[in-house]
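In our numbering, the protein residues as written are 110 to 407. The C-beta atom is built at its ideal place from N, Cα and C for all residues, glycine as well. Keep in mind the model is a prediction, meaning the values are calculated, not measured. Encoded as structure tokens, the structure appears first; notes follow it.
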Amino acid sequence: MNQTTFDLAVLRSFVAGMQLGSFAKAADRVGRSTSAISAQLRKLEEQAGIELFRKSGRGLALTDAGEVMLGYARRLVELNDEAAVAVRGVDLEGWIRLGLQEDFGEAVLPDVLGRFARAHPKVRIEARVARNTELLERIDTGQLDLALVWGMAGAKEFEPIAAPRMRWIGSSSVPFQQHASEPLPLIAFDRPCVFHSAATAALDRAGIKWRVAFTSPSLAGLWAAAAAGLGVTVRTCYGLPSTVRALDDVESGLPPLPSIPLALHRASAGASAPVERLASLVIDSVRETHSAAEPAFA
Numbered sequence: 110m111n112q113t114t115f116d117l118a119v120l121r122s123f124v125a126g127m128q129l130g131s132f133a134k135a136a137d138r139v140g141r142s143t144s145a146i147s148a149q150l151r152k153l154e155e156q157a158g159i160e161l162f163r164k165s166g167r168g169l170a171l172t173d174a175g176e177v178m179l180g181y182a183r184r185l186v187e188l189n190d191e192a193a194v195a196v197r198g199v200d201l202e203g204w205i206r207l208g209l210q211e212d213f214g215e216a217v218l219p220d221v222l223g224r225f226a227r228a229h230p231k232v233r234i235e236a237r238v239a240r241n242t243e244l245l246e247r248i249d250t251g252q253l254d255l256a257l258v259w260g261m262a263g264a265k266e267f268e269p270i271a272a273p274r275m276r277w278i279g280s281s282s283v284p285f286q287q288h289a290s291e292p293l294p295l296i297a298f299d300r301p302c303v304f305h306s307a308a309t310a311a312l313d314r315a316g317i318k319w320r321v322a323f324t325s326p327s328l329a330g331l332w333a334a335a336a337a338g339l340g341v342t343v344r345t346c347y348g349l350p351s352t353v354r355a356l357d358d359v360e361s362g363l364p365p366l367p368s369i370p371l372a373l374h375r376a377s378a379g380a381s382a383p384v385e386r387l388a389s390l391v392i393d394s395v396r397e398t399h400s401a402a403e404p405a406f407a
């Protein structure tokens with residue numbers, strides 16, 4: 110039986126196209142022409158021996174075989190990159206303190222820490238999940254080396270990563286119904302909260318009355334209340350559990366919400382090599398999560 114050896118460069122272009130939602134964007138990322146990307150995709154199908162793509166409007170969608178291939182392609186590319194980093198950074202040592210929002214506790218943290226620990230076993234990571242105010246305070250006082258934070262105020266050193274749109278979030282099982290004569294029940298974090306402020310400002314501009322129906326110090330509390338149908342909350346599409354869903358603006362009759370910048374803050378400009386390596390992994394993971402949460406494949 111002949112063995113098939115997939116081309117990693119082809120797999121990287123394939124994964125990039127699916128992450129970015131466009132193979133034209135993937136061409137820019139990997140430094141190839143769109144015609145070269147098309148040739149790579151044809152080569153991938155030839156190597157696989159089965160159709161991986163199907164027409165969908167003006168673009169392409171994955172077949173069942175394509176979905177399977179995408180999963181393996183991601184793993185192969187990640188393993189290749191992990192191996193390259195590991196052999197170059199085998200002697201890295203140190204201690205890194207990382208802080209991030211609850212939104213990324215499940216979507217980003219396990220993957221990033223696992224990959225980093227395998228590549229750099231001599232580096233110790235202390236991770237902390239907290240809210241914006243605490244994370245920024247700890248960055249300012251040098252208690253954290255890196256912090257993934259909503260917004261770009263409060264620190265001298267930060268790198269913008271994405272700007273996801275805020276969304277109204279409601280129950281997946283309880284139909285959303287809002288009567289004009291009644292205030293909209295809101296589910297919110299304890300103040301201060303940039304999401305709650307954006308929600309109330311949008312409602313006030315639209316002339317929609319509102320009331321705070323439920324507050325919680327944790328994101329899990331917000332999800333539980335929203336899932337139970339106690340009201341609506343505001344967040345991005347990152348890390349949504351299956352018990353809640355993003356409401357359609359037209360369907361819900363609620364005003365559109367702005368985007369919110371997401372940035373990686375650093376305690377200092379002259380960060381150590383381990384800190385910079387972890388920062389790179391966090392940024393890549395968040396951007397992959399952003400592409401999956403807000404797809405625009407064409």
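V186 places its beta carbon 9 angstroms or farther from that of L129. In this structure, A376 is the residue among V384, E397, A376 and D393 with its C-alpha nearest to the C-alpha of L244.
Bounds of any alpha helix (DSSP H) do not take in I317, whose DSSP letter is neither H nor E. When the beta-carbon positions are compared, D254 and L209 stay at least 9 angstroms from each other. A buried status is given to E397, since no fewer than 16 other beta-carbon atoms sit within 10 Å of its beta-carbon. Its chain contains L328, R344, T345, Y347 and G348 as the residues whose beta carbon lies nearer than 8 angstroms to that of D212, once the 5 sequence neighbours on both sides are disregarded; these appear in chain order. In the DSSP secondary-structure assignment, T342 is bridged to I278. Around the beta carbon of L373, a 10 Å sphere encloses 16 or more other beta carbons of the protein chains shown; the residue is thus reported as buried. Taking C-beta atoms under 8 angstroms as the contact rule, I369 and M275 qualify, at a distance of about 6 angstroms.
In the DSSP assignment, I369 forms no beta bridge with any residue.
As a beta-bridge residue in DSSP terms, R206 pairs with E235. Annotation for T242: P301 place their beta carbon closer than 8 angstroms to its own, counting only its chain and skipping 5 residues before and after.
The criterion of a C-beta distance shorter than 9 angstroms is not satisfied by D357 and P364. For A170, the enclosing beta strand (DSSP E) covers residues G168 to L171.
Shown here, F213 sits in a helix according to DSSP, grouped into three states. Between D190 and Q156, the C-beta spacing is not below 9 angstroms. Closest by C-alpha distance to T342, out of L295, T114, A192 and T172, is L295. In summary, G166 is exposed, with fewer than 16 beta-carbon neighbours lying within 10 Å of its beta-carbon over all protein chains present. Residue range L218 to A228 is occupied by the alpha helix (DSSP H) that includes F225.
For I159, no alpha helix (DSSP H) segment is defined, and its DSSP state is neither H nor E. For V124, the enclosing alpha helix (DSSP H) starts and ends at L117 to L129. In the structure shown, H374 adopts extended strand secondary structure according to DSSP, grouped into three states. Residue state for L331 is assigned as helix, using DSSP reduced to three classes.
At a Cβ-Cβ threshold of 9 angstroms, A355 and I278 count as neighbours. For L387, same chain residues with a beta-carbon under 6 angstroms away, outside a window of 5 residues either side, are I205 and F225 in chain order. In summary, Q286 is exposed, with fewer than 16 beta-carbon neighbours lying within 10 Å of its beta-carbon over all protein chains present. Contact annotation: P219 and L371 have beta-carbon atoms that are not nearer than 9 angstroms.
In the three-state DSSP reduction, A311 falls in the helix class (H, G or I). Here the C-alpha atom of A334 lies approximately 12 angstroms from the C-alpha atom of V321. For the 9 angstroms CB-CB criterion, G214 and V177 do not form a contact.
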